[in-house]
Structures are given as structure tokens and as C-alpha cells.
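Number of protein chains: 6
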Amino acid sequence: MKSERYLRGMERLMEVDGTGGERVISSLQTIAPDLADYVVEFAFGDVYSREGLDLKQRQLVTIASLTTQGGCEPQLEVHINAALNVGLQNHEIIEAIMHCVPYTGFPRVLNATFVAKKIFEVRNGDVK
Amino acid sequence: MKSERYLRGMERLMEVDGTGGERVISSLQTIAPDLADYVVEFAFGDVYSREGLDLKQRQLVTIASLTTQGGCEPQLEVHINAALNVGLQNHEIIEAIMHCVPYTGFPRVLNATFVAKKIFEVRNGDVK
Amino acid sequence: MKSERYLRGMERLMEVDGTGGERVISSLQTIAPDLADYVVEFAFGDVYSREGLDLKQRQLVTIASLTTQGGCEPQLEVHINAALNVGLQNHEIIEAIMHCVPYTGFPRVLNATFVAKKIFEVRNGDVK
Amino acid sequence: MKSERYLRGMERLMEVDGTGGERVISSLQTIAPDLADYVVEFAFGDVYSREGLDLKQRQLVTIASLTTQGGCEPQLEVHINAALNVGLQNHEIIEAIMHCVPYTGFPRVLNATFVAKKIFEVRNGDVK
Amino acid sequence: MKSERYLRGMERLMEVDGTGGERVISSLQTIAPDLADYVVEFAFGDVYSREGLDLKQRQLVTIASLTTQGGCEPQLEVHINAALNVGLQNHEIIEAIMHCVPYTGFPRVLNATFVAKKIFEVRNGDVK
Amino acid sequence: MKSERYLRGMERLMEVDGTGGERVISSLQTIAPDLADYVVEFAFGDVYSREGLDLKQRQLVTIASLTTQGGCEPQLEVHINAALNVGLQNHEIIEAIMHCVPYTGFPRVLNATFVAKKIFEVRNGDVK
Chain A
1 MKSERYLRGM
11 ERLMEVDGTG
21 GERVISSLQT
31 IAPDLADYVV
41 EFAFGDVYSR
51 EGLDLKQRQL
61 VTIASLTTQG
71 GCEPQLEVHI
81 NAALNVGLQN
91 HEIIEAIMHC
101 VPYTGFPRVL
111 NATFVAKKIF
121 EVRNGDVK
Chain B
129 MKSERYLRGM
139 ERLMEVDGTG
149 GERVISSLQT
159 IAPDLADYVV
169 EFAFGDVYSR
179 EGLDLKQRQL
189 VTIASLTTQG
199 GCEPQLEVHI
209 NAALNVGLQN
219 HEIIEAIMHC
229 VPYTGFPRVL
239 NATFVAKKIF
249 EVRNGDVK
Chain C
257 MKSERYLRGM
267 ERLMEVDGTG
277 GERVISSLQT
287 IAPDLADYVV
297 EFAFGDVYSR
307 EGLDLKQRQL
317 VTIASLTTQG
327 GCEPQLEVHI
337 NAALNVGLQN
347 HEIIEAIMHC
357 VPYTGFPRVL
367 NATFVAKKIF
377 EVRNGDVK
Chain D
385 MKSERYLRGM
395 ERLMEVDGTG
405 GERVISSLQT
415 IAPDLADYVV
425 EFAFGDVYSR
435 EGLDLKQRQL
445 VTIASLTTQG
455 GCEPQLEVHI
465 NAALNVGLQN
475 HEIIEAIMHC
485 VPYTGFPRVL
495 NATFVAKKIF
505 EVRNGDVK
Chain E
513 MKSERYLRGM
523 ERLMEVDGTG
533 GERVISSLQT
543 IAPDLADYVV
553 EFAFGDVYSR
563 EGLDLKQRQL
573 VTIASLTTQG
583 GCEPQLEVHI
593 NAALNVGLQN
603 HEIIEAIMHC
613 VPYTGFPRVL
623 NATFVAKKIF
633 EVRNGDVK
Chain F
641 MKSERYLRGM
651 ERLMEVDGTG
661 GERVISSLQT
671 IAPDLADYVV
681 EFAFGDVYSR
691 EGLDLKQRQL
701 VTIASLTTQG
711 GCEPQLEVHI
721 NAALNVGLQN
731 HEIIEAIMHC
741 VPYTGFPRVL
751 NATFVAKKIF
761 EVRNGDVK
């Protein structure tokens, strides 16, 4: 039986990441089901369920962290979609990515921007 | 004569980073004055002066980027002070740093948290 | 009241990290007590309490990860002590650090080696 | 004529990395043959041929280092295969990757896990 | 109307990066046109237009930085082409990449080498 | 008896890094003497002894790599001194560091610049 943390986490994951997050969880079942549980319980049941910052603020932080980390294009795809899911606008997401240029340079920012571009084109039919 | 970008950047830098930022700019004058100008003109005159995100949101993004980047404790010190300068609360700064755990792990988050702890103790006389 | 995960994690943390880990947990109480709980519950109660690798193997993995991450000297200090606590020999720890040279280069390996050197001198009275 | 270090290294490389390593060496011949020699002589003839840790332990360290480094999916592919070649079990490799979550976060761990998943599916016909 | 920095930057970008750089700038127009302007104005109008190092030296520095950063294969593709555009020889580019092995390890150097290999094959019809 | 690679490497290390490099090698003797040998034999006897780039070019590459890597201030100290030893001017070193801003952002560049500043003050009695 799943813990209360798991149930709270899954609810939060569905609210934030939607089908993109669900797909990650599902793709881990045959290889590392406990890792999937940790994503749900710890990342979403514990961290994402905290008060103190709202979901829009948390997605700004997530996008900045993933952009700066580098090599996280699959996770950026999930979390740029998540940012839109919780109500951030296209241009706010681009602003958050661009704001990282002075801290992490153009290459990581360009990589994140092109992930956003692809998502905006799919979701909106256009990119503005 | 300094450009309009420089003047706008210096005004923004003083508003955001205050004396901590001024100290960085000043310490560069004998070694790399043009680098100081780029910080002022590009990071503050261009990027920080943009619309689309307010200064609180920009500081959340900055703190997430610096925490994730690692090895940026001097810059975190300037920008955690900056976060307080633009109106973020102690607990919101800690939330932003903690929100990076799932993305970048505990070590970078602990390093950033201890920078914040030192600043809060100096500025507030306490840490809550 | 602390959860079962917390109690299991604290027991494991004391076994592995000893007083070094306790000091980190304690230093977080005034600034980010929930972060301390996550270290105990998630890193130690969940991950370190898993089967499949024994504690010596886990410390080899931890040391390789922290060496490669860079900028984690405080955490290396805790975990090189932990490696000794769980029964790894000085020379095995050095081997694990040196094995990272082909993957992450000399600088990060030198930084980790000098952390180990300091610890071995304190604990053993010598470094061989 | 190849040096003793080269011969020892090539033997070790074949034992550890097998055809995956051979393919990397071979693909470097037209562009950077000396780089191929350094991989063989230094990484395998020197480092991998050392005593102090056995090959299973060295592969745990390698996988932790590559997972944490990020952006090393091609090298992870070679070295997860190598881990299986030297006798580590699927579940031990997954444990080593998962053990890095507290140190480097979920994204790098997920990226490494999906490399492992692909390899396990090809080699084993299944992933457990 | 574009600023003098923009015009100087675009001239420098065309001289250095050629069509590869132009393509990046162009692909940003629908998603983040100001980011494109910053690349042109700041990276090329300011930094690349400086004296003190010639363009060959600047490309050696760029290639070392991108190789070490990791996860910057698209940017390496632009800048290895740029290195050839400003007169560096194939073997000098490979030397610069290989020189990074002691500092950043084999994986990032191999990733950069394979980007170079692809470019040399396309541009030269061969790789030596 | 030391190999030819070791002797060539030590000669090159003394020429490039001088007493700063010697101090690193010496400090490793009690803790990891083989690691010291690898620095001498591989980094200096193999890589630094190659043709194709001269020592000034190699130091530009080294400085760019260490600046971008981050958390390598001790190694930057050795290699900025080395850059001066092989004939680079103060301002060329600063240019190389500044050239990394677009690729790795201001924080790593500022950290490297302050290492250079300290060295220039000690060696030159001034910083210009």
C-alpha cells in the first residue's frame, strides 16, 4: 500500500508535470521502480508540497536549476511543460531562461531555449 | 563618458546588490575594468533591467542558478543579500535553495544554505 | 514525533557519518530544519538503508560522486571519514579517488586527495 | 612498436570494456590516434591495472563518476556494459546509479538509468 | 535601428562563425529575439571584438571552454567551424581539445573530438 | 628508476609550472605518490610535451579549461603562474579569462580573475 507521502506526491506530480511526469514514472517501473517512488515521494510529496513558495515560483527555480545544470534537456522538457501547466506564460519562461545567461553563459541558455521553442510550437501552434 | 546602458545598469546594480555588488565592481578596477563594465552594462543594464519578471522573481532564478552551478559561494553571498534587498523573506530564500535538492543534490544545497545562514545571522541578528 | 524513516535514517547516519554527519544536521536546525530532516529521512533512511550494495560499496560510490561533482570539499570531509567508519582502508579511498582521473581530470582528484590527506593525518597520526 | 603500458592497457580494455571500448579506440584512429593511445595506456594500462580495488569496485566508481559528470551518455553506455562484463549484476548497477541521487540529484540519475535500461534490454532480453 | 555594438558584433560573428552562427541567430527570432541580440552585441560586439588576443587564440579558448563545460555539442559544432574559419588547422583544434584531458578527463574530450571528426569529414572530405 | 616519460615530464613541469608545480608533486608524496607520477608522466611527459601547439597556446587552453571547470582555484593559481612563466603577459591572461564569460558566465570568470589579481600583485608588485 502506498504511503501518504506517495499519494500526496502523485497528486502534486499530476498537477505540475501532468502526462510528461507520468511517462517518466511509468518508464522506470521495469528498471528502477523505487527510483520512481523517490521522485513521487521525495521530489513531489515532500519538496513540491511545501509552503513558502507557490507553484509558479517553484517552476522558475526548477527551470533555472535545470538550465544551469546542463545536459538535462529531457527534464527541461517535462518542467517547461509543467511551468505552463501551473500558469506561467511563454514569455515568463523565456525570461527565466535568459536571466541565467550572466550566471551560466549562453550555451546552456541556448540549449534550454531550444527545448522551450519546441514545446511552445507543439502546445500553442506558435511561439509568441 | 559612460553609456546609457552603464548608467541604467549601475542604478539597477545598486538597487539590487547594494554595497556587495559595488565592492565587486570596485575590486575589478585595477585588474579587469572592462569586466566590471560588462557586469554593469550587460548583467544589470541589459538583463536585470528587462521586464517580464519582477526583481523578486529574478532573484529566485539567480539563487537557483548559483546554487546549482556550484563553487559560486562569493556570488551567492552577494545575491542572497540582493534577494533580501528586493524584498524576499529569509524563509523564501531558504525555500528556493531547498527546492534545488531534487535537481542538483544535497551538497550544493547545503553549501548555499550555509552562505545564507551566515548572511541572516549578520543582517538579522538571528536566523528565523 | 519522528517517523520510522527518520529513526532508521538517524541510526544509519550515525553508523556511517558519525559525529561529522551529526554536526551537519545540528548546524541546520536554526536555518533549515526540514532540510536536515530530508538528509536524515531521504539520504539515509531511504537510500543508504537499501540493500543491493553494502556500506563499503556505497562509500566508494559516494566518494566518486563527490569528487566528480566538484566544490564539495565539506561533504568529502564527512564522507571520507564515513568511508573509514564503515571499514574502508586509507589506500582504498585513495584508489577510488585516483580512479576518477580519467573521467574527471586531475584538478578535482587533487582537491579530493588533499581532503583525504588532512583527514588521514588527523585520524591516524600518519598518512600511509 | 607499442609499449608495455599499451599492451597491458589493451588487454585490460578488452577485458573490461570489450567491443564497446574497442569501437571507441577504432573510431579515433583517423582523427586523434594519440588520444586513443592515451585511453589505452593511461586509463587502462596505468589506472585500471592498479591493485587496491578489484574490477567490480572500479566499475562502481566509474559509473558514479560518469553519472555525476553529466553529458557522458556514450561513456556510460560503454561502462555499464563493462560493469556487466566484470560480473556486476543489473540490480547492483542500478543501485550504484540510484545511490548518486542525494549527491547529484534526480536528472543525472534518470539519464544514467535510461542508458542502463536500454543496455539491459539488449543484453538480457529483459530488464530485471 | 541597430546599435553600433550590434553592427560590429554581426560583422565579427559573420567573420568568425559564418553561416553556423547566422543560423543560431535566425532560429532565435521567433522565440527569444533579444537573446539573439545579446549574442551578437555582447558575445561578438563586446567580447570577440576586443584586442589583446587574436581570433585564433580566442577560438582556442572558446574550444577549451566548451569542451570542458560539457553538453555543448551544438555550440562546439559552430565554434570548431569557426576555428577553421579564422585559420586554425585541423590538427591544432584536435591538440586544443586533447590538451583538456588532464583538466576535465576523457569523456568530455571524446565528445568534443567526435564533433570535430564529423566537421572535418564534411569540410575536408577527409580528417587529417 | 624513473622512466623517460617521467624525466621528460618533470623537465617540462619545471619549465611550465616551476616551484608551484613542484610543490603539488611534493605534497602528494606521503598520500598518493603514484598520482604525483601520473601528473608528471601523463599530464607533462605526454600531453604538455606534444607538438602542434606552443606553450603559450597550451596555457591559454589550460586557463580556459580551469576557469570553466569551476572550483579549481588552487590549480588556477599554479597555471596562471605557469602562463607568466612561458611568456604570456598579464593582460593576455585576463583576456583569456574574460573571453570565457559568454560560455560559462560571470561567476567562474570572476573567481578566476581574483586568483589572477592576487598572483599579479605578488609577482609584479602591481596589477597592470
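Chains as they are written, first to last, in the working numbering: chain A, 1 to 128; chain B, 129 to 256; chain C, 257 to 384; chain D, 385 to 512; chain E, 513 to 640; chain F, 641 to 768.
Backbone N, C-alpha and C define an ideal beta-carbon position, used for all residues, glycine too.
Residue nearest to residue i in terms of C-alpha spacing, selected from the options
i: Q709/F; options: R520/E, G557/E and C612/E; result: C612/E
i: G402/D; options: H463/D, H475/D, T497/D and I481/D; result: H463/D
i: E457/D; options: A427/D, H475/D, R492/D and V445/D; result: R492/D
i: I477/D; options: V445/D, I415/D, Y390/D and P486/D; result: V445/D
i: Q29/A; options: F498/D, V506/D, R507/D and N508/D; result: F498/D
i: M1/A; options: I31/A, D37/A, A32/A and V24/A; result: D37/A
i: G20/A; options: K117/A, G105/A, A112/A and L76/A; result: L76/A
i: N751/F; options: G199/B, Y134/B and N239/B; result: G199/B
i: E11/A; options: L35/A, D46/A and A32/A; result: D46/A
i: N730/F; options: Q697/F, F760/F and I703/F; result: F760/F
Cβ pair residue i, residue j closer than 7 Å
i: Q571/E; j: L600/E; result: yes
i: A466/D; j: V423/D; result: no
i: V214/B; j: L183/B; result: yes
i: Y487/D; j: S321/C; result: yes
i: S305/C; j: R279/C; result: no
i: I543/E; j: K118/A; result: no
i: M482/D; j: L84/A; result: no
Whole-Å CB distance - residue i paired with residue j, under 8 Å assumed
i: F106/A; j: A608/E; result: That pair is no contact at about 20 Å.
i: S259/C; j: E297/C; result: 7 Å
### Message
Just to confirm the assignment: which complete alpha helix (DSSP H) runs, minimum length 4, are found wholly within the segment 552-639 of chain E?
### Response
567-581, 585-597, 602-611, 613-616 and 618-636
### Query
Mind listing which residues of the segment 686-703 of chain F have their C-beta closer than 9 Å to chain D's C-betas, in chain order?
D686, V687 and R690
### Query
Can you list, in chain order, the residues of the segment 480-508 of chain D whose Cβ is nearer than 8 Å to any Cβ on chain C?
A480, M482, H483, C484, V485, P486, Y487 and T488
### Members of the segment 454-472 of chain D near chain A, C-beta cut-off 8 Å
G454 and G455
### Query
For the segment 287-299 of chain C, which residues have a CB atom closer than 7 Å to at least one CB atom of chain A, in sequence order?
Y294 and F298
### Query
According to a CB-to-CB cut-off of less than 7 Å, which residues of the segment 647-669 of chain F neighbour chain E?
none
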